[in-house]
Amino acid sequence: MLLQTALDYLPPSPELVLELGCGTGILTGLLRAACPDCALTALDIDPGMLAIAAAKPELEGVRFIAGDLRDRGRESAPM
Numbered sequence: 008m009l010l011q012t013a014l015d016y017l018p019p020s021p022e023l024v025l026e027l028g029c030g031t032g033i034l035t036g037l038l039r040a041a042c043p044d045c046a047l048t049a050l051d052i053d054p055g056m057l058a059i060a061a062a063k064p065e066l067e068g069v070r071f072i073a074g075d076l077r078d079r080g081r082e083s084a085p086m
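And the structure:
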């Protein structure tokens, strides 16, 4: 249900997708499968959760960013 809700907000073939609060990448993997050709960026405040997500082979090519979505304009180093 969460995936379908997210997909309902996207155009048919999105070029870019930004996931806020990606955690360990569960929804990130579903988004990647649903939008295989998009540039996918996943943001989370917890570097430990991002490390788990970034280690998943199915998420290769996803850009992971450690940061707080409330800190617009300031970006931590990508993982």
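Read in order, the letters of the sequence shown correspond to residues 8 to 86 in our numbering.
The C-beta atom is built at its ideal place from N, Cα and C for all residues, glycine as well.
Taking residue i as the reference, which of the options has the closest Cα?
i, options, result
"ALA46", "ASP15, GLU67, ASP78, MET8", "GLU67"
"PRO43", "LEU14, MET8, GLY30", "LEU14"
Enumerate in chain order the residues of its own chain whose CB-to-CB distance from residue i is below 6 Å, with the five nearest sequence positions on each side excluded.
i, result
"MET86", "Any reading at MET86 must be qualified, since the residue scores a pLDDT of 47, below 50, and its modelled position is unreliable; no value is offered."
"LEU10", "LEU37"
Can you say whether residue i is buried or exposed, counting buried as having 16 or more other CB atoms within 10 angstroms of its CB?
i, result
"ALA84", "Per-residue confidence for ALA84 stands at a pLDDT of 47, beneath the threshold of 50, marking its modelled position as unreliable; the derived number appears in the next sentence. When all chains shown are included, ALA84 counts as exposed."
"ALA4", "No answer is possible for residue 4: it lies beyond the span of the chain, which begins at 8 and ends at 86."
"ASP51", "buried"
"ARG39", "buried"
"GLU26", "buried"
Skipping 5 residues on each side, what residues in its chain have a beta carbon closer than 7 Å to that of residue i?
i, result
"LYS63", "GLY32, GLY36"
"LEU23", "CYS45, ALA46"
Cβ atoms of residue j and residue i: under 8 Å apart, would you say?
i, j, result
"PRO54", "ALA41", "no"
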